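From first to last, the protein sequence lines stand for chains W and R.
Last residue of the first sequence: 272 (my numbering), numbering continuous.
Last residue of the second sequence: 423 (my numbering), numbering continuous.
Okay, so here's the structure we're looking at.
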Amino acid sequence: MSENNRTAAAAGEPGEPVRVVLVDDHDMFRTGVRASLDARIDVVGEAADVPSAVAVVRRERPAVVLLDVHLPGGAGGGGAEVARQCADLAPGVRFLALSVSDAAEDVVGVIRAGARGYVTKSISPEALCDAVVRVAGGDAVFSPRLAGFVLDAFGAVGAAGAAEQAADDDEMDRLTAREREVMRLIARGRSYREVAGELFISIKTVETHVSAVLRKLQLSSRHELTRWAAARRLL
Amino acid sequence: MRLLRPQRGRWIAGVAAGLAAHLGIDVRIVRAVLALATLLGGVGALAYVFWWVTIPPGTPGREPAAPAWARLARPLTAAEGGTRRGLKVSDVVVALGLLAVAALLLASRLGEGPGQNWVVPVLLLLAGAALAWSELDARRPGGAGHGHGAITGRVRVARLAGGIAITATGVFLLVGQRAEPVVMVQSALAAIAVLAGVALVLAPWWLRLVRELGDARAERERESERADIAAHLHDSVLQTLALIRTRSTEPEVVRLARAQERDLRSWLYDDRAPAATSFAVQVKEVVAEIEDTRTHTDGTAPQIETVVVGDVVPTEETHAVLAATREALLNAVAHGRPPVSVYLEASQTEVEVFVRDHGDGFDPDAVSADRFGVRESILGRVRRRGGQASVREVPDGGTEVRIYLPRDTRGDGEE
Chain W
38 MSENNRTAAA AGEPGEPVRV VLVDDHDMFR TGVRASLDAR IDVVGEAADV
88 PSAVAVVRRE RPAVVLLDVH LPGGAGGGGA EVARQCADLA PGVRFLALSV
138 SDAAEDVVGV IRAGARGYVT KSISPEALCD AVVRVAGGDA VFSPRLAGFV
188 LDAFGAVGAA GAAEQAADDD EMDRLTARER EVMRLIARGR SYREVAGELF
238 ISIKTVETHV SAVLRKLQLS SRHELTRWAA ARRLL
Chain R
9 MRLLRPQRGR WIAGVAAGLA AHLGIDVRIV RAVLALATLL GGVGALAYVF
59 WWVTIPPGTP GREPAAPAWA RLARPLTAAE GGTRRGLKVS DVVVALGLLA
109 VAALLLASRL GEGPGQNWVV PVLLLLAGAA LAWSELDARR PGGAGHGHGA
159 ITGRVRVARL AGGIAITATG VFLLVGQRAE PVVMVQSALA AIAVLAGVAL
209 VLAPWWLRLV RELGDARAER ERESERADIA AHLHDSVLQT LALIRTRSTE
259 PEVVRLARAQ ERDLRSWLYD DRAPAATSFA VQVKEVVAEI EDTRTHTDGT
309 APQIETVVVG DVVPTEETHA VLAATREALL NAVAHGRPPV SVYLEASQTE
359 VEVFVRDHGD GFDPDAVSAD RFGVRESILG RVRRRGGQAS VREVPDGGTE
409 VRIYLPRDTR GDGEE
């Protein structure tokens, strides 16, 4: 796919495979992922808990860390804790969260800890490779479900939601009309390319919008975001 | 740093050490200030007692982890030093005080003590109170008392009873200095009778309080257990099911794994609103039914990615949308190619559903008669409710059905 080549080129290493560290406490899953990744990816290290993950990431300095949300060890913070402890390695090291969890606090937690995207473990191998390359190129990766979370959390549903949003205070706390469009299309299962075609914008622009939304998700102090996450807490 | 009374480095109850850690200043300064304030009319002593009662014991900077994670990643607080309950300064102080009182008592009985006959009783009172109050230090329900929960119930009872006995002795000595023994016994009986009466009156209230506390604790434990189970299942079982689902070529195995995964997910993550009150749940049920019973043309079991934003209370209008969504999904599974996805956006003003498949696309000329009929039934049903429905081709392959219904918000504005 030409768009993947383009993102790899943007990362400044056209022919080189992306160096990846795999963090997951399930041996079987690590084996499965390693076997399914294609030639664009080079797995340089693996870890099964929080302290060893931090150590491996610090030693290897990979371009992308594939990070499970639930990990044993450390202070019990799981993947978010790893991302937070390695925050000083950015932007050279980027995190892509990979989880079976649907829980909002897991998703939002790890994104707010600094992850550049969130995909579920049922993702197809090709899609996972695409996502890794995309994150390595500095872009954000939103699965349909994450896009849905964002729309829900920012209260950007329906005409009333959009109107209410426009009147809202901080720029960080609301989505622009364009960002909302992009999020809705991704939630509907569109690829970035399809989104670009549909909105008559370039793929690069789509990526810019998605990155902007990610930034807002990470930095927003929007009270709905916390309230919304709290309302979906298990406890 | 949180305000706690540490076990280590304490002289009496750890108030000064805790304050020093909390404020980030030298513990000697805190002690000096407290001592100085005590000399100035006893303010320091009062403040000390107040903090002793109100600040929970514990080691600052080592707060217990959240319950959900406590068992998964056990923090090493048990190995923490300084929680040894050997000879404590506060115990020694109480013992020395009691010894001093005994000596004074003996001296006054022999007629050689200091003239003031209120000193001994007051000292006794203080010692008794201190003994009873040291209980506060020993254990706090639900507090950070991991390290020193070894105090047995017997010791606690003995401590409380001893404190009460000593205090009572002090009170008798103070009040009944010059009274006849008979009068003293009578008044003691009267006092006990009054206390018993009050206890009788307050007993039901107290019992209820204890029971409620127990219930609340049990509830908390159950919840934390459920969170633990969830976190565990989450990682292992869901993972295994997902793996089976992606690797297996047997449609029935995939279908079974998918169904189990769905059930588990809804139990773990959803608030499980009854279907009658949630349109989103209704849509999910329809998706589940189709996943369980239908098959793609190539023989694989359908796996429908469902994304839901917002929710509304179901009405007759949304029922039409639901029926149309079901038809669209059946259509996508029967004629399109996987993956099939559903996106539902529901607000008070509108309901919008997108159903997408990745088939060869939609060619109006090649559409079979029955498929066209189904299509009409989808579109017509929604249009009759004042909505819109359209089928379009996605450029990269596949078909997308959009079902849109503006809602009359006056009719059912509640939610």
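Every residue, glycine too, gets a C-beta built ideally from N, C-alpha and C.
Bear in mind that the values here come from a model prediction, so they are computed numbers and not experimental data.
The straight-line gap separating the alpha-carbon atoms of W/Glu163 and W/His63 is approximately 21 Å.
Shortest Cα-Cα distance from W/Arg182 to any of R/Tyr351, R/Thr407, R/Ala115 and R/Val402 involves R/Tyr351.
Going by C-alpha positions, R/Pro346 is about 19 Å away from R/Val291. Contact note: R/Val317 reaches chain W through Gly185, Leu188, Asp189, Val194 and Ala224, using a C-beta cutoff of 8 Å and chain order. Here the alpha carbon of W/Gly175 sits roughly 10 Å from the alpha carbon of W/Val169.
A straight line joining the alpha-carbon of W/Arg225 with that of R/Gly394 spans about 23 Å.
Distance from the CA atom of R/Gly17 to the CA atom of R/Leu27, rounded to whole angstroms, is 12 Å. In the three-state reduction of the DSSP assignment, W/Ala134 falls in the strand class, which pools E and B. Scanning its chain for C-beta atoms nearer than 6 Å, with the 5 sequence neighbours on each side dropped, one finds around W/Ala100 the residues Val55, Arg56 and Ala173, in chain order. With three or more CB-CB distances shorter than 8 Å, the stretch 110-119 of chain W counts as touching the stretch 139-155 of chain W. Listed by position along chain R, the residues whose Cβ is nearer than 7 Å to that of W/Lys158 are Gln247 and Ala250. In this structure, the CA atom of R/Ala250 is about 12 Å from the CA atom of R/Val261. The alpha-carbon of R/Ala328 is positioned some 20 Å away from that of R/Val341. In this structure, R/Ser385 lies away from R/Glu324, with their beta-carbon atoms at least 8 Å apart.
Contact annotation for R/Asp236 against chain W: no contact, minimum CB-CB distance about 11 Å [criterion: below 9 Å]. Within the stretch 293-361 of chain R, the runs of alpha helix (DSSP H) at least 4 residues long that lie entirely inside it are, in chain order, 324-343. Put simply, of R/Leu276, R/Val130 and R/Arg302 the residue whose alpha carbon is nearest the alpha carbon of R/Glu231 is R/Leu276. Judged by beta-carbon spacing, R/Val294 lies beyond the 8 Å limit of R/Leu272, meaning their Cβ atoms are not closer than that value.
Burial is judged here by how many other beta carbons sit within 10 angstroms of a residue's own beta carbon; W/Glu216 has at least 16 and is buried.
Out of R/Gln396, R/Val165 and R/Ile33, the CA that lies nearest to the CA of R/Phe362 is found in R/Gln396. Rounded to whole angstroms, R/Ala110 and R/Glu220 show a C-alpha spacing of 43 Å.
According to the DSSP assignment, W/Arg56 belongs to the beta strand (DSSP E) that extends over Val55 to Val60. For R/Glu401, the enclosing beta strand (DSSP E) stretches over residues Gln396 to Glu401. Membership of W/Asp189 in the alpha helix (DSSP H) is indicated by the continuous run Pro181 to Ala190. Selection R/Gly105, R/Leu112, R/Trp214 and R/Val128 evaluated against R/Leu139 yields R/Gly105 as nearest (Cα-Cα).
When Cβ-Cβ separations below 8 Å define contact, R/Thr254 makes contact with chain W.
W/Asp176: not part of any alpha helix (DSSP H); DSSP gives it neither H nor E. Counting along the chain, the unbroken beta strand (DSSP E) around W/Thr157 starts and ends at Gly154 to Thr157. Here the C-alpha atom of W/Leu256 lies approximately 25 Å from the C-alpha atom of W/Ala90. Contact with chain R is absent for W/Val70, since none of that chain's Cβ atoms lies less than 8 Å from the residue's Cβ. In the same chain as W/Val137, and ignoring 5 residues on each side of it, the C-beta atoms closer than 6 Å to its own belong to Lys158, in chain order.
The continuous alpha helix (DSSP H) containing W/Asp64 extends over residues Asp64 to Ser73.
Shown here, W/Leu108 sits in coil according to DSSP, grouped into three states, outside any helix or strand. Just measuring C-alpha positions, the residue of R/Asp319, R/Arg392 and R/Thr314 sitting nearest R/Ala332 is R/Arg392. R/Gln356 and R/Arg415 have their C-alpha atoms some 7 Å from each other. In the DSSP annotation of this structure, W/Pro88 is not part of any beta strand (DSSP E); the continuous alpha helix (DSSP H) holding it starts and ends at Val87 to Glu97.
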